[in-house]
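Chemist: Residue numbers (my numbering), protein chains in the order written: chain G, 8 to 316; chain A, 689 to 1369. Virtual Cβ for every residue (Gly too), placed ideally from N, Cα, C.
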């Protein structure tokens, strides 16, 4: 019976078509966000120390290393390696001190916070090591106003002076940013973020250096202060959203201030600070209101650093 | 011998998966009320020699219909059960509440397959992925009797798909339905076709629905309530031998441009693929009668769209994905007066939901977080359900299950913000036990029973992150440290049935420990633009829930039938506060007149005012309402095939109303004229 046969074929064709359609239809979907790539998007973490410069004077040379071999405004971890140029042996028993200087347009010299003494750190695995130090540059270098690092090396009873001009670039990673301000006590302060270089969603240990300017060439790390923390997302679409369970920065080991910052998501955050001296007196900063204000740019503290990750 | 075997098998479902009691109801068309023993009688005399699908019970009427409307959606069909109420966020995809408890407390499966939605806001409940023309029936088990399918508190809803038996006399069968609803301009076209010979069966279906915005009672248009939906399915079965068969199924569902007036955003696209391969074997001899195993894979995706909401200042992308792999294997055994079903359930689910927020200045960076941080759920469970025929008149059903559940959140750092020490992985043991005794004395049926079970917190309750809930306008945060919810239940029912009249009463009471609900977290700061605060899921020490329902029917004249039902529920926490989403006293009463080819139905349905609402959980008072509905149908033959046409009106008096379950007090549909035509091959 031809009628039924035709119907059968037609039906089979329809079913096949439907099955194919379902498969074809399904294959085009929206891509899932690659979260790992998302985290890398803004900041690529740098972990390698590379040479910035090597300077030699007589029998000794000093090699300075920084992350990626570049110096930036804000905090920089530096490793100094002292070598005996004749024997090519590293020197481990030296006394080092240094100071960075920049000549400003009006002829004045300016400096920045730096470590006042060096201790030798033995590197694991091999015989070498380095002298651990840090430099905080307030301004980038420009051809007319270069930065110069002056070093004094005392070894085997000898005193050697070395200096080197360096280039200082503007730091692009806001997580290593800094802020300068005059406190209510009329003193000049500087807060530089040290860590994390690349924050994660969730808990992060926040480390900062708090320095007081004694004069153009001298900065000291303050003691016993408290840096209250209130991280917010000031974007109008985020309404000054905050995160829970943050910890104010308190003095930790080695003079750095340590606290905890929780980031609920990636994006633009503002670290709102209130700086208090050991007596609890307000030095700088203002309270950020607790209301949720979507649609308006978020209110910031008088003392804050904007970060992005 | 084979006849006896087949009759056993046919009898089985009515006493095991359906367990003739008022607790577990298999909803069939014949009426909302049925006599529990009738199925058994029908099939004991069945002497068919064909291999049957175990879950095809009444081959006569298997369409999903309510009494009023023919071609209803799956939601409308579920709504006809007294134990199911709905939370409605729009005209589409309602969230079914069994025993007045949310979907986290129930197990919803399709043919035993576990499926999980891909939306954190529950915009895509499992019922939204199927259509009325690919379902044969819906099996609802209340309380711990639902533990056959997995750990639950409220019970289980199993959507059973159509499966044509082998060797039908009429090889080709099909049906086309088309209809139109005036209120929202909804047009729908459903078609299904099946082919059956001795060795091979093919079932195919297609459905298309499209609707614009609907109008509430005062002719107010409810904006953003449109939807478009397409559904198709294909099933192929092959009889390997006289006693065994293989079947593969695939279902594809797509919804696009769906509005949710109660939410701050709509749906751009939602797709689901449900596929399975199953093997069924019957046995001639021995205690083991049937063994049925199915391997399945489901993939859901869900993409929100807020671009059509100009009042929204913040643009967000919120895609979600949910994939499940699983195995369900069942065995039916009969020995003397005892029949049992053992079920093994294994599944693995991955749920991912993202939130990307766009800054107002688009040159700035977008902000990213996970709402479901790649949560893997693994479940393995074994369930046992037994029916022991103590005598002609009494039966004892008992059973239990033991399950193991494991959650693993890949990006636990999000949850660590609120719960710093929360473990990334957590395993749980989920036991369940239930027992029911049924007695039939002439026209009177009595049953009573108890149950105990535990359920694991859901992905949202344990690992959710800043999920905006537009009902109470809070951002919800999950708590990985939640303990299992433990439920103790008692249920009882009483019924009286004669051929012309009947009345049934059923009640259940749940005592739940560690009841999971959201409470304000003072440390939290809102993230979503419209949010007023943050709530975290916590556990209440105790909560109590009580459900009572009554239904009755009476044949006024030979062709005139009256039916009515009333249901009432109450729930409180340990502080004496009311719990949210508990249906106030609701009633329904109707008349049905049939004469030759005509049928006429009229019924009234309504709720009393919601007195016991819970302000502490964001609810407000809902006033009483009453809706009148009318429909007429005519069956006729056309070119040797059956056809039926229906015309009717819902909400005849165009009442403006909104119920306790309407998210954001969005009003429901006003007067709606509907018509549909069904043509069967």
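Alpha carbon to alpha carbon, how far is residue 977 of chain A from residue 1017 of chain A?
Modeler: For the purposes of this step, residue 977 of chain A is identified with residue 289 of the second chain, where counting begins at 1. For the purposes of this step, residue 1017 of chain A is identified with residue 329 of the second chain, where counting begins at 1. One C-alpha to the other measures close to 14 Å.
Chemist: Tell me which same chain residues have a C-beta within less than 6 Å of the C-beta of residue 1370 of chain A, skipping the five on either side of it?
Modeler: No answer is possible for residue 1370 of chain A: it lies beyond the span of chain A, which begins at 689 and ends at 1369.
Chemist: Among residues of its own chain, excluding the 5 on either side of residue 868 of chain A, which ones have a beta-carbon nearer than 6 Å to its beta-carbon?
Modeler: Here residue 868 of chain A is taken as the residue at index 180 of the second chain, counted from 1. Cβ within range, chain order: 875 and 1363.
Chemist: Applying a beta-carbon distance threshold of less than 9 Å, which residues of chain G neighbour residue 1370 of chain A?
Modeler: Nothing can be reported for residue 1370 of chain A: it is not among the residues displayed for chain A, which extend from 689 to 1369.
Chemist: Going along chain C in order, which residues have a C-beta closer than 8 Å to the C-beta of residue 1211 of chain A?
Modeler: The structure shown has no chain C; the protein chains it does contain are G and A.
Chemist: Quick one: which residues of the segment 1057–1072 of chain A get their C-beta closer than 7 Å to a C-beta of chain G? List them in chain order.
Modeler: Those would be 1057, in chain order.
Chemist: Could you work out which residues of chain G lie near residue 1106 of chain A, taking near to mean beta carbons separated by less than 7 Å?
Modeler: One-based indexing of the second chain puts residue 1106 of chain A at position 418. Here the neighbours are 251.
Chemist: Whose Cβ in chain A lies nearer than 8 Å to the Cβ of residue 311 of chain G?
Modeler: Translated into positions along the first chain, residue 311 of chain G becomes position 304. Here the premise fails: no neighbours, minimum Cβ distance about 17 Å.
Chemist: With 16 as the cutoff for other CB atoms within 10 Å, does residue 233 of chain G come out buried or exposed?
Modeler: Taking the first residue of the first chain as position 1, residue 233 of chain G is located at position 226. Counting Cβ neighbours within 10 Å, residue 233 of chain G comes out buried, since at least 16 surround it.
Chemist: Between which two residues does the beta strand (DSSP E) holding residue 279 of chain G run?
Modeler: Counting from one through the first chain, the residue named residue 279 of chain G turns up at place 272. Per DSSP, residue 279 of chain G belongs to the beta strand (DSSP E) from 275–283.
Chemist: Mind checking residue 1117 of chain A: buried by the 16 CB within 10 Å criterion, or exposed?
Modeler: By one-based count along the second chain, residue 1117 of chain A stands at place 429. When all chains shown are included, residue 1117 of chain A counts as exposed.
Chemist: Kindly indicate if chain G contains any beta-carbon less than 7 Å away from that of residue 1042 of chain A.
Modeler: Locating residue 1042 of chain A in the second chain gives position 354, where the first residue counts as 1. At least one chain G Cβ lies under 7 Å of residue 1042 of chain A.
Chemist: Quick check on DSSP: helix, strand or coil for residue 1076 of chain A?
Modeler: Here residue 1076 of chain A is taken as the residue at index 388 of the second chain, counted from 1. Of the three classes helix, strand and coil, the one that applies to residue 1076 of chain A here is strand, per DSSP.
Chemist: Can you look up residue 1267 of chain A in the DSSP assignment and give me helix, strand or coil?
Modeler: For the purposes of this step, residue 1267 of chain A is identified with residue 579 of the second chain, where counting begins at 1. In the structure shown, residue 1267 of chain A sits in coil (DSSP, three-state: anything other than H, G, I, E or B).
Chemist: When you compare each of G/219, G/171 and G/213 to residue 192 of chain G by their alpha carbons, which one comes out closest?
Modeler: Walking along the first chain from the start, residue 192 of chain G turns up at place 185. It is G/219 whose Cα lies nearest to the Cα of residue 192 of chain G.
Chemist: Under 7 Å between beta-carbons, which chain G residues line up against residue 952 of chain A? List them in chain order, please.
Modeler: On the second chain, position 264 is the one that residue 952 of chain A refers to. What residue 952 of chain A touches in chain G: nothing, since even the nearest Cβ is about 12 Å away.
Chemist: So, at 6 Å on beta carbons, what are the nonlocal neighbours of residue 736 of chain A in its own chain, with the 5 sequence-adjacent residues on each side left out?
Modeler: Translated into positions along the second chain, residue 736 of chain A becomes position 48. Model confidence at residue 736 of chain A stands at a pLDDT of 30, short of 50, so the residue's coordinates are unreliable; what they give is reported in the following sentence. Closer than 6 Å at Cβ, skipping near neighbours: no residue.
Chemist: Going by the beta-carbon positions, is the gap between residue 959 of chain A and residue 989 of chain A smaller than 7 Å?
Modeler: Within the second chain, numbered from 1, the residue matching residue 959 of chain A stands at position 271. Within the second chain, numbered from 1, the residue matching residue 989 of chain A stands at position 301. Contact: yes.
Chemist: Hey, is residue 1055 of chain A's beta-carbon within less than 7 Å of any beta-carbon in chain G?
Modeler: Reading the second chain from its first residue, position 367 is the one you call residue 1055 of chain A. Closer than 7 Å: yes.
Chemist: For residue 55 of chain G, collect the residues of the same chain with a Cβ closer than 6 Å to its Cβ; drop the 5 residues on either side in sequence, then sort them by chain order.
Modeler: Stepping through the first chain from its first residue, residue 55 of chain G is reached at position 48. Here the set comprises nothing.
Chemist: Suppose you measure from the CA of residue 1156 of chain A to the CA of residue 1174 of chain A; what does that come to, to the nearest Å?
Modeler: Translated into the one-based positions of the second chain, residue 1156 of chain A becomes position 468. Translated into the one-based positions of the second chain, residue 1174 of chain A becomes position 486. Cα to Cα, residue 1156 of chain A sits roughly 27 Å from residue 1174 of chain A.
Chemist: Name, going along the chain, the residues of the segment 224–255 of chain G whose beta-carbon falls closer than 9 Å to a beta-carbon of chain A.
Modeler: The residues in question are 239, 240, 242, 243, 244, 245, 246, 247, 248, 249, 250, 251 and 252.
Chemist: May I have the straight-line CA-CA distance separating residue 174 of chain G from residue 153 of chain G, to the nearest angstrom?
Modeler: The residue labelled residue 174 of chain G in the question sits at position 167 within the first chain. The residue labelled residue 153 of chain G in the question sits at position 146 within the first chain. Each residue's Cα considered, the two are about 7 Å apart.
Chemist: Residue 182 of chain G touches chain A at which residues, Cβ-Cβ below 8 Å?
Modeler: Residue mapping note: residue 182 of chain G aligns to position 175 of the first chain, counting from 1. By Cβ distance, chain A contributes nothing, its closest Cβ being about 14 Å from residue 182 of chain G, past 8 Å.
Chemist: If residue 291 of chain G and residue 188 of chain G are in contact, beta carbons under 8 Å, what's the gap, nearest whole angstrom?
Modeler: Locating residue 291 of chain G in the first chain gives position 284, counting from the first residue. Locating residue 188 of chain G in the first chain gives position 181, counting from the first residue. With a Cβ gap of about 5 Å, residue 291 of chain G and residue 188 of chain G count as contacting.
Chemist: Between the C-alpha atoms of residue 94 of chain G and residue 101 of chain G, what's the straight-line distance to the nearest angstrom?
Modeler: Position 87 of the first chain, counted from the start, is the residue given in the question as residue 94 of chain G. Position 94 of the first chain, counted from the start, is the residue given in the question as residue 101 of chain G. Their Cα atoms are separated by approximately 16 Å.
Chemist: Would residue 796 of chain A and residue 845 of chain A be called neighbours here (beta carbons separated by less than 7 Å)?
Modeler: Along the second chain, one-based indexing puts residue 796 of chain A at 108. Along the second chain, one-based indexing puts residue 845 of chain A at 157. Yes, the pair counts as a contact, with Cβ atoms nearer than the cut-off.
Chemist: Tell me which residues of the segment 1132–1157 of chain A have at least one Cβ-Cβ distance to chain G shorter than 9 Å, keeping chain order.
Modeler: So the list reads 1153 and 1154, given in the order they occur along the chain.
Chemist: Can you list, in chain order, the residues of its chain whose CB lies under 8 Å from that of residue 1252 of chain A, leaving out five sequence neighbours each side?
Modeler: Taking the second chain and counting its residues from 1, the one referred to as residue 1252 of chain A is at position 564. So the qualifying residues of the chain are 1239, 1240, 1241, 1275, 1276, 1277 and 1278.
Chemist: My assumption, with CB atoms under 8 Å, is that residue 239 of chain G sits in contact with residue 276 of chain G. Please give the rounded CB distance.
Modeler: Numbered from its first residue, the first chain carries residue 239 of chain G at position 232. Numbered from its first residue, the first chain carries residue 276 of chain G at position 269. Confirmed, Cβ separation roughly 7 Å.
Chemist: Using CA atoms only, rank isn't needed, just tell me which of A/1280, A/1360, A/769 and A/1324 is closest to residue 1369 of chain A.
Modeler: Residue 1369 of chain A sits at position 681 when you count from the first residue of the second chain. Nearest C-alpha to residue 1369 of chain A: A/1324.
Chemist: Tell me, which residues are paired with residue 1354 of chain A by DSSP?
Modeler: Indexing the second chain from 1 puts residue 1354 of chain A at position 666. Bridge partners of residue 1354 of chain A: none, in fact.
Chemist: If contact means a Cβ-Cβ distance below 8 Å, which residues of the segment 1004–1020 of chain A contact chain G?
Modeler: Flagged, chain order: 1007 and 1009.
Chemist: Which full runs of the beta strand (DSSP E) of 3+ residues lie inside the segment 159–202 of chain G, going along the chain?
Modeler: Taking only runs of at least 3 residues, the beta strand (DSSP E) segments lying wholly in the segment 159–202 of chain G are 165–173, 185–189 and 195–202.
Chemist: Would you mind sorting residue 1102 of chain A into buried or exposed? The rule is 16 or more other CB atoms within 10 Å of its CB.
Modeler: What you label residue 1102 of chain A is simply residue 414 of the second chain in a count that begins at 1. Buried, since its Cβ has 16 or more Cβ neighbours within 10 Å.
Chemist: Does the distance from the CB of residue 123 of chain G to the CB of residue 83 of chain G come in under 7 Å?
Modeler: In the first chain, the residue the question calls residue 123 of chain G occupies position 116. In the first chain, the residue the question calls residue 83 of chain G occupies position 76. Taking 7 Å as the Cβ cut-off, residue 123 of chain G and residue 83 of chain G do not qualify as a contacting pair.
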